[in-house]
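Asks: Before I ask anything, let me first share the structure, which is written out below as structure tokens.
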Amino acid sequence: MSPQSDPDEVDRTDDAGTGADRTSDPQRPSDHVDGTPVAASDRADGITQPKLGVVGYLRFAWRQLTSMRTALFLLMLLALAAIPGSLVPQRQADPNGVVQYKNDHPALFPVLDKLQVFDTYTSVWFSAIYLLLFVSLIGCIVPRTRHHWQALRTRPPRTPARLGRLAGFRSVAVTPETVTGGATATGGSGATAGLPSVDHAVTTAMTQLKKAGYRVERFGDSVSAERGYLRETGNLVFHGALVGVLVAVGLGGGFSYTGQRLLVEGQTFTNVIGAYDSFNPGRWSSQADLQGYNLTLDDFTTKYEERNLDALGQATDYSATVTARTRDGAEKTSRLGVNEPLAIGGTNVYLLGNGYAMQVTVRDGEGDVAFKDVVPFLPEDANYTSTGVIKVPDAVPDQLGMIGFFYPTAVKQASGANAGAFASSYPDTENPVLSLQVYTGDLGLDDGVPQSVYQLSTKGMQQIAGRQSSDPSITMKPGQTKQLPDGAGSITFDGVKRYVSLDVHHDPSQGWVAAFAILSVLGLLTSLFVPRRRVWVKAVRRSGAEQGEYDLEYAGLARGEDPNLERAVADIARRHMSDLGVRISQ
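Counted from 1, the sequence shown has number 23 at position 23 by this note's numbering; the numbering is strictly sequential.
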């Protein structure tokens, strides 16, 4: 090396001084032991990492997304993301509940609404998890299915040279001393009188393993067998069924619809959009999807606990008797109970709740009937103390509004802050009493602002009967008529009826979802309980022994945990020896 040489320059000749350039071999890496060393600045990091680039990073992200670990994580995340939908009311299923939640939590509502919590199942974040899980499962299933199909068409692997390293290994000598006189085959290559030939032993092993469900292949004097591909098939069926559930739920939600209707005894409901109290159609559903039918509520009965004093008055069962009429004129009376929906016209009709409805007649100051209808009241406690509103916009000279309290079994409280006030002691109508606070004035129905039928805005109205007036609240029993103060008219309490709250649900994907769910369970059970294993039976001829003597070797190999593998190998060996008539030494 000359004094003017670069200090990093090295001699490229080989150790023998032949002058051959060590870097001339394209097969030799630059960091080989006798290669050209890299500069000191390049050696600082130790290992030079390859640059992935945009395509490399995209490939890495795709592999991470389509991994089984990611799919399971997204499945768990989807379950967690569905929790808010069960904690707060949803706009599609319970729009009135959302309005009530806004009134009860005015500070929290805007935050949750901004996060789309009241539209959980159509929110951006829930949809993102849903779609990512869908893509992940598809990307995971397709290559695994292709690989599994190739594996099914591939021959079992060759028999290992040394079976002694594998699980359940055992070796059985086939000699004149071990033959017990069972089924033997003499003759053939290397056969000795009384000894089963090698060919017969191998053929017998193949036959037994085939009967046991193994795929077998013969390699010389050995048999290679494998089974358990059904395990991977079940795994693929499980994940494929999950994709089926996702697709069915996604498409079914677009073609489904739900509606709610409050139905009083004697009233009839017709399955048209205008007859629903609230209706939530799917994205692709239309009026044509509603099949015509009528439902009439004939009767509603409730059974109460009467023997156990600690649970006295609790409802033990309630059911509705309804008459259904289809478009073709067919009529059928059915029972509608808790968790016992009525299937009709492609819908399931569920019984959600019940309560009392007041049948009243109101006459105005001129004696004309201004209102005659059945008004449902909402229960407030376990004893069905109920509240409701009666609005009479056609009364003259002034409109009438009444806030009512209904007590199925009315009793007066004897002491306390509410002494003398009514309360209900039992949920059934043993002593029904209706109490009304009466207002006159403008009901505000012509303002163009929607109002709840269960609420009365008393702003600008004057109370003529109740706590804030000189006249007490009007109390009455069924059949009674009471005059309203100031000549405002009269009210008759005609009677009490029961009502039910019905939920009508149409979902064309229910059958598909159920089928895919059953399929996923079957696939999961198959993947959990079907072992994946390989078994070998090998005949090893003895050197230096009498002609025809040999050893039979048995061993197995499991893919994953298989606690029964050694026992399975032992059973195969025992059956094989029994068929060959060979005694197994203990």
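Glycine included, every Cβ here is placed at the ideal spot set by N, Cα and C.
#1: Could you give the distance in angstroms between the alpha-carbon of H506 and the alpha-carbon of A288?
#2: Can you determine whether any heavy atom of the ligand COA sits closer than 7 Å to the C-beta of T481, and answer yes or no?
#3: Can you tell me the Cα-Cα spacing of S520 and L77, whole angstroms?
#4: Going by other Cβ atoms of all chains shown within 10 Å of its Cβ, with 16 needed for buried, is I273 buried or exposed?
#5: Please go through the same chain and pick out, in chain order, the residues whose beta-carbon is closer than 7 Å to the beta-carbon of S319, but skip the five residues on each side of it.
#6: Starting from Q64, follow the alpha helix (DSSP H) in both directions and report where the run begins and ends.
#7: State the CB to CB distance for the pair K391 and L443, rounded to an integer number of angstroms; the pair is presumed to be in contact (CB under 8 Å).
#8: Is Y454 buried or exposed, if buried means 16 or more other CB atoms sit within 10 Å of its CB?
#9: Please report how far the alpha carbon of A382 lies from the alpha carbon of A315, in whole angstroms.
#10: Which same chain residues, not among the five before or five after A205, have their C-beta less than 6 Å away from its C-beta?
#11: With a threshold of 16 other CB atoms inside 10 Å of the CB of N103, please say whether the residue is buried or exposed.
#12: Helix, strand or coil for S86 per DSSP?
#13: Comparing C-alpha positions only, which one of P281, L230, G353 sits nearest to L152?
#14: Count the other CB atoms within 10 Å of the CB of M358; is the residue buried (16 or more) or exposed (fewer)?
#15: Within the same chain, show all residues whose beta-carbon is closer than 6 Å to that of R410, passing over the 5 residues directly before and after it, in chain order.
#16: I'd like the list of long-range same chain contacts for L137, defined as Cβ closer than 7 Å, with 5 residues on each side in sequence excluded.
#17: Would you kindly report the start and end of the unbroken alpha helix (DSSP H) that includes M68?
#18: With DSSP as the reference, please indicate the residues paired to H506 in a beta bridge.
#19: Less than 6 Å between C-beta atoms, sequence neighbours within five positions excluded: which residues of the same chain meet that for V33?
#20: Can you list, in chain order, the residues of its chain with a C-beta nearer than 7 Å to that of L75? Leave out the 5 residues immediately preceding and following it.
#21: Quick one: what does DSSP say Y121 is sitting in, helix, strand or coil?
#22: Please determine, among Y356, K477, P157, the residue with the shortest C-alpha to C-alpha distance to F493.
#23: Identify which residue in V504, K497, E553 has its Cα closest to the Cα of Q267.
#24: Which residues does DSSP list as the beta-bridge partners of D199?
Replies: According to the structure data:
#1: 13 Å
#2: As for the ligand COA, it is missing from this structure, which has no ligand bound.
#3: For S520 and L77, the gap between their C-alpha atoms comes out near 19 Å.
#4: exposed
#5: T301, R335, L336, G337
#6: 53-65
#7: 6 Å
#8: exposed
#9: If I take the Cα positions, the gap works out to 9 Å.
#10: V223, V537, H576
#11: exposed
#12: helix
#13: L230
#14: buried
#15: One detail in the question is off: residue 410 reads as Ala in this sequence, not Arg. Excluding sequence neighbours, A410 sits near F422, N431, V433.
#16: A71, H239, L242, V243
#17: 68-81
#18: Y257
#19: Caution is warranted here: a pLDDT of 45 is assigned to V33, below 50, making its placement in the model unreliable, and no coordinate value can be reported.
#20: Excluding the 5 residues flanking it on each side, L75 has same chain C-beta neighbours closer than 7 Å at L133, in chain order.
#21: helix
#22: Ranking Y356, K477, P157 by Cα distance to F493 puts K477 first.
#23: K497
#24: Answer is none; D199 lacks a bridge partner.
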